[in-house]
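Since the structure comes first, as structure tokens, the remarks are kept for the end.
Numbering (the numbering used here), first residue to last: 236 to 385.
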């Protein structure tokens with residue numbers, strides 16, 4: 236599995252207009268529902284917020300990776316949102332967030348293993364300042380995919 240196998244053009248939104256972490260997570264969860272990654276948005280959100288309560292998902296450099304395992308996940312995927320303005324989020328560096336990658340991963344054992352693998356794959360990409368800058372400057376879904384996958 237590679238990042239390019241997970242990033243779906245249809246699940247990327249640039250210029251999302253949100254003012255809070257909750258609005259961002261809600262909007263991206265709706266994208267996952269529309270694209271049939273999840274079956275039950277309320278159950279999915281409950282699982283995401285259960286994970287949020289455990290610790291920060293803002294990894295710094297204006298990026299957040301909210302995630303959690305959920306029985307409502309039909310297939311593994313991510314929804315990616317890019318905002319023009321910084322939104323408040325608990326982060327490792329104390330800055331807000333402009334790029335959100337919401338992970339959809341199942342709750343079974345295979346899902347848990349895929350979850351760790353996905354986090355590792357994305358962490359490697361997001362640890363690169365050039366990739367993050369290119370992603371945050373993206374004007375459309377294709378630019379975001381290009382930034383993360385090339």
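Every residue gets a Cβ at the ideal spot worked out from N, C-alpha and C, and that includes glycine.
Just how far apart, CA to CA, sit residue i and residue j?
i           : j           : result
residue 291 : residue 282 : 15 Å
residue 343 : residue 306 : 8 Å
residue 333 : residue 317 : 6 Å
residue 365 : residue 315 : 18 Å
residue 272 : residue 246 : 10 Å
residue 241 : residue 380 : 10 Å
residue 243 : residue 294 : 22 Å
Report the option in the options whose CA atom is closest to the CA atom of residue i.
i           : options            : result
residue 236 : 371, 311, 295, 372 : 311
residue 313 : 257, 369, 362, 339 : 339
residue 258 : 322, 377, 361      : 322
residue 384 : 356, 372, 256      : 356
residue 279 : 270, 303, 363, 293 : 303
residue 265 : 337, 327, 329      : 337
residue 329 : 361, 275, 289, 296 : 296
residue 299 : 373, 352, 331      : 331
residue 270 : 308, 361, 287      : 308
With burial defined as no fewer than 16 other Cβ atoms inside 10 Å of the residue's Cβ, what is the status of residue i: buried or exposed?
i           : result
residue 254 : exposed
residue 320 : exposed
residue 289 : exposed
residue 341 : buried
Hey, could you find the ends of the beta strand (DSSP E) residue i is sitting in?
i           : result
residue 291 : From DSSP, residue 291 is part of no beta strand (DSSP E); its letter is neither H nor E.
residue 367 : Here residue 367 belongs to no beta strand (DSSP E); instead the alpha helix (DSSP H) covers 364 to 371.
residue 333 : 332 to 339
Locate the alpha helix (DSSP H) running through residue i, then write down its first and last residues.
i           : result
residue 321 : Run containing residue 321: none in the alpha helix (DSSP H); it sits in the beta strand (DSSP E), 312 to 322.
residue 239 : 238 to 241
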